[in-house]
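So for the sequence shown, my numbering puts the first residue at 28; every next one is plus one.
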Amino acid sequence: MKVIVIGCTHAGTAATIQIAKRHPDAEITVYERNDNISFLSCGIALHVGGVVRNAEELFYAHPDNLSELGVNTRMRHEVLAVDTERRTVTVRNLETGETLQDTYDKLVMTTGSWPVVPKLPGMELDHVMLCKNYAHAQAIIEKAALAERIAVVGAGYIGVELAEAFRQLNKRVTLFDNTPRVMYKYLDQAFTDIVEADMVEHGIELALGQTVQELRGKDGKVTGVVTTAGEYDADLVIMCIGFRPNTGLLQDQVKMLPNGAIIVDEYMRTSSPDVYAAGDSCAVRFNPTGEAAYIPLATNAVRMGTLVAMNLKEPRVTYKGTQGTSGIRIFDLNVASTGLTEQAAKDAGLAVRSTVVTDNDRPEFMPTYEQALLKLVYEAESGRLVGAQVLSKADLTQSVNTLSVCIQNRMTVEELGFVDFFFQPHYNKPWNLLNQAGLQAQADLEAWAARGGLNKIGWSAAADTA
């Protein structure tokens, strides 16, 4: 069995290692256009802020690791074309310029994603940067050292983490986003209000609800950012407005979402025979809605890459979907979420209710304790969990992993109220915060139903969505 893997991303690395281990008879060739693999881009902000001293530490694998498994590892080789009917790939050696053609029995497409690059006047200016790979990390560190006023465009996780890291270096930082709240995809307003207040308290300027229209410069170097609300000085601009899948090689050869994300079945198979895909190049099944969605996360990527290897010869193990579970630490706040926010659920046409509980993370007789905020989002008719968010100065982020399991298994808030959790005063209370939230949510549902709420589901969801 001759296997070609295109792209040694997180998914590609996982797939390659597992194919080599599970199918020792396979002839595996990996084509990767970079000279490194497995860079954890989520660690760039940690490197910028000095938590990680050496960017080399952000690699968790090396091409030699693959070669030791018998993999033919072709670094600095760019795949120019794929022909799924002829089962061929055309490749250029970026060192020599030589072009070659290779054939496959099984093709694994793990080409990952690339930052969205807006078409703005001034994008070509020096000191306007993207944030994705090792080269970006090195350049950001180098140029940030001389910068005084840094603009971060995009208030998702990456943008927020970079803003914090630059502020810890005592830089003047402005964070831009065209939405009115930071991390709006992950958190509802009660949570983002707290995060935003904390960021402002730490000296970050927030320019939210503003669309960047132009980058201005002098002598070829950026000097400012122009938005719909005004102009801001900046001598370094980092663009963090999202990612798009790298799937042009399979355009018009496999089924894709409108954004180019490859559609795969539960065994990671594309619509083309013997062509598999995984990671940021793919759509995933989003369990809260049951629909295909684009959620580029390293956790999804390594799971999907592993599934490719397990299903390469025959369909064996199914993909379980994702809740888009994620977390972040910003200054002294620990924040995590899973599934849908309340607003996203309503936008998706779901009739949902929500419950917010506040309590201390452990008993008040302990020498220290911190307040925690937990929100559950659930279907109004069934009580099925579809989303959750947690925020505290204490690290309660692992509770969101538990809630992710609940959502994946279609549990209700009533069931959550009676899940068995351990109690130990060092860590929690006799009534675990998740139990409290589940019980309160069930009580809220019963009170709402008693007021005739169930009779309003048909029109309330549509009205809320509108």
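Note that beta-carbon positions come from the ideal geometry of N, C-alpha and C, so glycine has one too.
Between the C-alpha atoms of L134 and S94 there is a straight-line separation of about 19 Å. With three or more CB-CB distances shorter than 8 Å, the segment 95-113 counts as touching the segment 58-66.
Within 10 angstroms of the beta-carbon of F193 lie 16 or more other beta-carbons, which makes it buried. The alpha helix (DSSP H) runs lying completely inside the segment 402-457 and spanning 4 residues or more are 425-435 and 440-443, given in chain order. Inclusion of R411 and R380 in the CB contact set at 8 Å is not warranted, their separation being larger than that value. Taking the C-beta atoms as reference points, I434 is found nearer than 8 Å to G366.
Secondary structure at G244: strand, using DSSP grouped into helix, strand and coil. In this structure, DSSP gives C69 a helical state, which the three-state scheme calls helix. A direct Cα-to-Cα measurement between G149 and L242 gives close to 5 Å. Contact annotation: V78 and A47 have beta-carbon atoms that are not nearer than 8 Å. Counting the other CB atoms within 10 Å of its CB gives M331 a total of 16 or more, which places it among the buried residues.
Within the segment 334-390, the complete alpha helix (DSSP H) runs of at least 4 residues fall at 369-374. Ranked by Cα distance from T385, the first of A468, V413 and T316 is A468.
Contact annotation, V440 with L472: C-beta distance approximately 7 Å; criterion of less than 8 Å satisfied.
Less than 8 Å divides the Cβ of I71 from the Cβ of A164.
Below 8 Å, enough C-beta pairs join the segment 251-270 and the segment 136-153 to call them touching: three or more. Just so you know, the alpha carbons of V253 and V239 end up roughly 6 Å apart. The Cβ atoms of L263 and H89 lie no closer than 8 Å to each other. Beta-bridge analysis with DSSP links F313 to E318 and T349.
Cβ neighbours of S68 within its own chain (closer than 6 Å, five residues either side excluded): K159. Across the set H229, G181, D225 and N205, the C-alpha of H229 shows the shortest separation from the C-alpha of R199.
Between T201 and R208, the CB-CB gap reaches or exceeds 8 Å.
Beta-carbon to beta-carbon, A190 and V179 are separated by about 5 Å, close enough to satisfy the 8 Å threshold. For V144, the secondary structure class from DSSP, reduced to helix, strand or coil, is coil.
In terms of Cα proximity to D279, the closest of S299, Q216 and G183 is S299. Counted as a single uninterrupted DSSP element, the beta strand (DSSP E) harbouring P272 occupies residues F270 to P272.
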